[in-house]
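A.B. asks:
Numbering (full-length UniProt numbering), first residue to last: 1 to 180.
(1) For the alpha helix (DSSP H) that contains residue 138, what are its first and last residues?
(2) Near residue 143, what residues of its chain come up, given a Cβ to Cβ distance below 8 angstroms and the 5 sequence neighbours on each side ignored?
(3) Does the contact criterion of 3 or more C-beta pairs under 8 angstroms hold for the stretch 112–120 versus the stretch 129–139?
(4) Can you find the residues in the same chain that come closer than 6 angstroms, C-beta to C-beta, to residue 49, ignoring five residues on each side of it along the sequence?
(5) Out of 154, 145, 112, which has the shortest C-alpha to C-alpha gap to residue 28?
(6) Hey, residue 24 and residue 61 are a contact pair by Cβ (cut 8 angstroms); roughly how many whole angstroms apart?
(7) Indicate whether the contact test is met: 3 or more Cβ pairs, each with one atom in the stretch 83–99 and one in the stretch 56–75, closer than 8 angstroms.
(8) Considering only DSSP beta bridges, list what residue 19 is partnered with.
(9) Ordered along the chain, which non-local residues of its own chain (more than five positions away) have a Cβ less than 7 angstroms from that of residue 175?
(10) Whole angstroms is fine: what's the gap from residue 110's alpha carbon to residue 81's?
(11) Relative to the C-alpha of residue 67, which candidate in 79, 33, 3, 83 has its C-alpha closest?
(12) Select from 30, 54, 65, 41 the residue whose C-alpha is nearest the C-alpha of residue 17.
(13) Which residue from 107, 90, 13 puts its Cα closest to that of residue 45?
(14) Just verifying my parser: in three-state terms, what is the DSSP assignment at residue 162?
Below, the structure is given as structure tokens:
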């Protein structure tokens, strides 16, 4: 039986690369405010996208407003957390979840899912750990650093979909380095 990473590399299963924006850095205290995801099927090259804002239960902190450009008014029509996660988890289905530094994003997914009574998808892959094993001679393995080292386009915006797209390209280039 192969690992999720091996199945992805072999093109046996599509995967969902995702990224979150949050109100802070602590999953038990802070909240998800944006979810973006790209389902990629390596066998067919098909890409599907998912993106939503998530209504927080607090004002958007100044540092998040400065980083993302999202202010409190942006969330007037946003989905409530349970509805947003229901839709996201339906989009994911049984596919593996991949993120750059998955520990951070998945901790928020798990905490938010617990708060609203849902179970997050169980299968995860960390694109950053995979990059650490193959991308050498870089000062660190932050997404921006590895994207630059692999000559990936890097948008200026600090939003979930832009980071998701950059992360997907970095992951695919890292898979290519591994001969997948």
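Positions of the beta carbon are idealized from the N, C-alpha and C atoms, including for glycine.
C.D. replies: Concretely, from the data shown:
(1) Careful: residue 138 lies outside any alpha helix (DSSP H) and carries neither H nor E.
(2) 100, 101, 128, 163, 166, 167, 170
(3) no
(4) 38
(5) It is 112 whose Cα lies nearest to the Cα of residue 28.
(6) 7 angstroms
(7) With contact defined as three or more Cβ pairs closer than 8 angstroms, the stretch 83–99 and the stretch 56–75 are not in contact.
(8) 36
(9) 9
(10) 12 angstroms
(11) Ranking 79, 33, 3, 83 by Cα distance to residue 67 puts 33 first.
(12) Taking only the C-alpha atoms, the option nearest residue 17 is 41.
(13) 13
(14) helix
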